[in-house]
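Following: one structure in structure tokens, then a few remarks.
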């Protein structure tokens, strides 16, 4: 009798485990997928507040870019797009006023004291950020292949910076480590050197986006 009871309990736990895993393997709508990416406890979003400024780095999965590209250009071939996005590691660096800041401000226009300082800062953000960002995987330190600041035309107080690394460059090192470190040397606002750690276990748990239309 006890053996039967134990077998039934084991089967129940197995079914619960299978259900739990299957429920976490995929998400079928972009709203919930975006929510997953932006939930700090899932490990894809790292935030640091330094005084009145907030720096955050977000890892963007392949499926998100694939979905966005197909929405913009439905005729593009999914397989070729996936191959292209799978070859890169994509991050977004956000510079914004900290939530603890007494007064909200534009991080481009209200962090300088003169026109010449503004021009210097704008030049660095638009053309020299590649020098300030690295990805450290094990003993290997990589330069980004692309750093691009989104043009918001002064409509937001924050700035978004797209960062892309070639996945092929870290393939061997990534197989032997548990984390990667995105390093931002802030020579723009003078807040120092920042480390944003991303763990392999969190990246492995990212659900698949299964939107069919």
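In this note's numbering, the protein residues as written are 1059 to 1271. Positions of the beta carbon are idealized from the N, C-alpha and C atoms, including for glycine. Computed from a predicted structure; not experimentally measured.
Taking C-beta atoms as the reference points, residue 1158 and residue 1234 fail to come closer than 9 Å. Taking the Cα of residue 1143 as reference, the smallest distance to any Cα among 1164, 1191 and 1126 is reached at 1126. In the three-state reduction of the DSSP assignment, residue 1100 falls in the helix class, which pools H, G and I. Per the C-alpha coordinates, the member of 1203, 1176, 1240 and 1170 positioned closest to residue 1222 is 1203.
In the DSSP assignment, the residues bridged to residue 1113 are 1106 and 1153. With 16 or more other Cβ atoms inside 10 Å of its own Cβ, residue 1165 counts as buried.
In this structure, residue 1205 and residue 1187 form a Cβ contact; the two beta carbons are roughly 5 Å apart against a cut-off of 8 Å. Along the segment 1152 to 1194, the alpha helix (DSSP H) occurs as fully enclosed runs of 4 or more residues at 1173 to 1181, listed in sequence order. Assignment of residue 1266 by DSSP, reduced to helix, strand and coil, places it in the strand class. The beta carbon of residue 1243 is closer than 7 Å to those of 1190 and 1251 in its chain, skipping five residues each way along the sequence. When Cβ pairs closer than 8 Å are counted between the two stretches, the segment 1147 to 1158 is seen to touch the segment 1217 to 1232, the count reaching three or more. Counting the other CB atoms within 10 Å of its CB gives residue 1113 a total of 16 or more, which places it among the buried residues. Across the structure, residue 1118 and residue 1185 are spaced so that their CA atoms are roughly 22 Å apart. DSSP places residue 1118 within a strand segment (E or B) once states are collapsed to three.
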